[in-house]
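Asks: Residue numbers (the numbering used here), protein chains in the order written: chain A, 1 to 398; chain B, 399 to 723; chain C, 724 to 831.
Before I ask anything, here is the structure I am working with.
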């Protein structure tokens, strides 16, 4: 941890959902479009309390669907307002076309996603199938593993999104129920401090009668490719920007996370790659694993899009085994976990030598006890010398 | 005086000569030759003036007027998707409110938001989004240009397609005789939301249409408004491009498209008709009705008669008279 | 609609935004027409109806005074902008005094 704090900041007990709501308040967000869906709902409930009490001056738009939530959020941002919405699961799926539109229009919006399994069958419980269905939409995507990180990352997200060289929408994702509804200590900052870190930088071509623009034209083949390529370049540039934003956050507030976290990965022979709550749990499991001689480290994915390639290569180049834990299924894909496919590609491209093992776990919030996490650690350890060509569906009753 | 503003608020006209000369919807767009949407949009922006933001759903108007890199809108204009004009306009309007409150936009500027959509994007796929916007009372004037089918994609039926009309998805043959359901009464659905102002309008009646635009803009301080404009389509209704305004006029003269307004709940027919023309005068000019037998035309006449009776009941007296012999 | 050279991604505003709307004046739709309106300034009563109906704003109202042979003096005249007129004929159709003729475009 950098930066000395002369003032002792008292944490307050907040669920991850509430932590997100507090960040929205402290960022002085102007427009919030709200539609309820489990397990995100308490984010917008808490925000509405802030507005009702006068603690946040925002237009709270009670939309009639998530598609309209994202539509209104994008519209507000392109009018020059700081705009936010929150969703999960079916809601994220319903607004699917609008996700691509947000990125295509370069709308600097931030959305929190309390990850939940996608129907059918309907499940209100946590896995990451909703998020992984949206990973190619062009959004910057962060996974957070604590309520504190959720609060901090929403703030970082606005500074990143509104950066004139980035201007991409940003998702802050965490595990529904497991994180959204569990309480942790969170230090919140003052609004002046937060606005000093993330001052409002409105969308540059905002809808304004003083300077009329046409936004959302139909673009023929002669031009579309270049406009999409602009997004490629913006996403590439967002990586360094995200690191800088996190560094600056650390300087001002004394907390920083990096864009990929290496936890006990120095000197580790095997690595587990995962995100959010599984990463958090593994942090408590690994010390015991090392005591048992299993030198397995954790690579926690924080920034996912753009993918921190160099950081991964740096940490994984000496690993003998890498176990990728996916929380969603990519049916019929070469590896049936989406992250595993991406890591496999990286392994080949960068000529990395580890054995890759793909595991899918925790579908629909199937309980994983400490023993189960330890079993994953052992699997990672075994991966040093043994090859598992097929995805392992951990915990399914055959 | 620039387009749109008078000292008392939005422009009201007694004759065409009160319309400002300034064009804010200019030449160089790709709408069909003879597309009455062009006339409607030109007048809409003239009335609204420069302090307007247009939110446009996907459709003929959107696609024809903003083919990158060209645009013919001299006011801020935004399109994002097909079914979300209501929600998008809400986002723009509410953003303006908070930005003005927080001092990021000048407080004394009246910037009005107008949502524009075709019948497909309004009565079908966009109905939910529209309803949400109305129910929230967001300050948006919604202008529906109704050409009675999904014209942009090639004349497929919509919920606004009238009885017996040929479309590419309700063609006329041995088993089907064009569309077999009646037109969705969107103005009444909107009126059921109890918003300050709902009206039907017709470019063949310029003063009526322009003044309804003005009234719709005027009430935005209280809540949303909705103007349902009939938009005769040369390509989809199959008529000579010169006849757009003539056919639009016949729609009202036959009682097919009565002109009325509901202003704070008060129903008024704004263009009473002493003697209606028989509906065949309207149908015979349009290729989309060319397959009709005399019996089928009679069916349509009966439907029009019922509709007229309904209008007269709402008006409390006979404002649209019987068919002229 | 001649385009000199198509721009690189660096030269275009982000997100496909058109920052100079009104540039549609470069898209001259006048070549669509096969019939063209000819306004008879003698017959025209300056009622503004043709100016009103034209979907393309291709009938211009100009401060060009005109006195008819019969001595009727007008302050304005209406002229067709043939660069944009698509030849639909609505102006001729709606003109209350039949002052507009639709004549075939001469193909050179």
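All C-beta atoms, glycine included, are put in the ideal place defined by N, C-alpha and C.
Cβ closer than 8 Å: which chain A residues qualify as neighbours of residue 495/B?
Replies: 59
Asks: Which value, in whole angstroms, describes the spacing of the CA atoms of residue 547/B and residue 780/C?
Replies: Distance from the CA of residue 547/B to the CA of residue 780/C, rounded to the nearest whole angstrom, comes to 25 Å.
Asks: For residue 268/A and residue 163/A, what's the separation of their Cα atoms in angstroms?
Replies: 37 Å
Asks: Are the CB atoms of residue 443/B and residue 423/B nearer to each other than 9 Å?
Replies: yes
Asks: Within the continuous alpha helix (DSSP H) that includes residue 643/B, where are the two ends?
Replies: 642-651
Asks: Relative to the C-alpha of residue 87/A, which candidate in 42/A, 76/A, 10/A, 57/A has its C-alpha closest?
Replies: 42/A
Asks: Please confirm whether residue 71/A has its beta-carbon closer than 9 Å to some beta-carbon of chain B.
Replies: yes
Asks: Three or more beta-carbon pairs under 8 Å between the stretch 48-55 of chain A and the stretch 75-95 of chain A, yes or no?
Replies: no
Asks: Using a Cβ cut-off of 9 Å, pull out every chain B residue sitting near residue 111/A, in sequence order please.
Replies: The contacting residues do not exist; residue 111/A stays about 14 Å from chain B at best.
Asks: Quick check on residue 619/B: buried or exposed, where buried means 16 or more other Cβ atoms within 10 Å of its Cβ?
Replies: exposed
Asks: What's the gap between the Cα of residue 497/B and the Cα of residue 551/B?
Replies: 38 Å
Asks: Tell me residue 800/C's beta-bridge partners as DSSP assigns them.
Replies: 785/C
Asks: Look at the alpha carbon of residue 451/B and the alpha carbon of residue 673/B, and state the distance between them as a whole number of angstroms.
Replies: 41 Å
Asks: Between which two residues does the alpha helix (DSSP H) carrying residue 96/A extend?
Replies: 96-104
Asks: Among 468/B, 491/B, 541/B, which one has its Cα closest to the Cα of residue 435/B?
Replies: 541/B
Asks: How would you list, in chain order, the residues of chain A whose beta-carbon sits under 7 Å from the beta-carbon of residue 474/B?
Replies: 207, 208, 209, 212, 213
Asks: Just list the residues that DSSP pairs residue 185/A with in beta bridges.
Replies: 13/A
Asks: According to DSSP, residue 758/C sits in a beta bridge with which residue or residues?
Replies: 827/C
Asks: Do we get a CB-CB distance below 9 Å when we pair residue 740/C with the residues of chain A?
Replies: yes
Asks: For a test of the three-state rule: what should DSSP assign to residue 74/A, helix, strand or coil?
Replies: helix
Asks: For a minimum of 4 consecutive residues, which ranges assigned as the alpha helix (DSSP H) are wholly contained in the stretch 419-464 of chain B?
Replies: Segments of the alpha helix (DSSP H) lying fully in the stretch 419-464 of chain B: 434-446, 458-463.
Asks: Listed from N- to C-terminal order along the chain, which residues in the stretch 429-459 of chain B have their beta-carbon within a distance smaller than 9 Å of any beta-carbon of chain C?
Replies: Listed in sequence order: 429, 430, 431, 432, 433, 434, 435, 436, 437, 438, 439, 440, 441.
Asks: So, with DSSP's three-state summary, where would you put residue 697/B?
Replies: helix
Asks: Which residue comes first and which comes last in the beta strand (DSSP E) that contains residue 83/A?
Replies: Residues 83-87.
Asks: Could you work out which residues of chain A lie near residue 729/C, taking near to mean beta carbons separated by less than 7 Å?
Replies: 222
Asks: Taking C-beta pairs closer than 7 Å, name the residues in chain B that residue 804/C reaches, listed in chain order.
Replies: 425
Asks: Take residue 502/B as the anchor and find which of 200/A, 298/A, 356/A has the nearest alpha-carbon.
Replies: 200/A
Asks: On the DSSP bridge list, what partners appear for residue 313/A?
Replies: BP columns for residue 313/A are empty, so no partner.
Asks: Measure the beta-carbon distance from residue 645/B to residue 816/C and round it to whole angstroms, keeping in mind my assumption that it falls under 8 Å.
Replies: About 10 Å; that fails the 8 Å criterion.
Asks: If you follow the alpha helix (DSSP H) that residue 527/B is part of, which residue opens it and which one closes it?
Replies: 525-533
Asks: Between residue 642/B and chain C, is there a C-beta pair that is closer than 9 Å?
Replies: yes
Asks: Excluding five sequence neighbours on each side, which residues of the same chain lie with their C-beta closer than 6 Å to the C-beta of residue 823/C?
Replies: 760, 762, 814, 815
Asks: Between which two residues does the alpha helix (DSSP H) containing residue 328/A stretch?
Replies: Looking at the DSSP string, residue 328/A is not in any alpha helix (DSSP H), and its letter there is neither H nor E.
Asks: Quick one, which of 159/A, 113/A, 161/A has its alpha-carbon nearest residue 179/A's?
Replies: 113/A
Asks: Within the chosen definition, does the stretch 145-154 of chain A reach the stretch 23-31 of chain A through at least 3 CB pairs nearer than 8 Å?
Replies: yes
Asks: Out of 612/B, 489/B, 508/B, 565/B, which one is the CA nearest neighbour of residue 535/B?
Replies: 489/B
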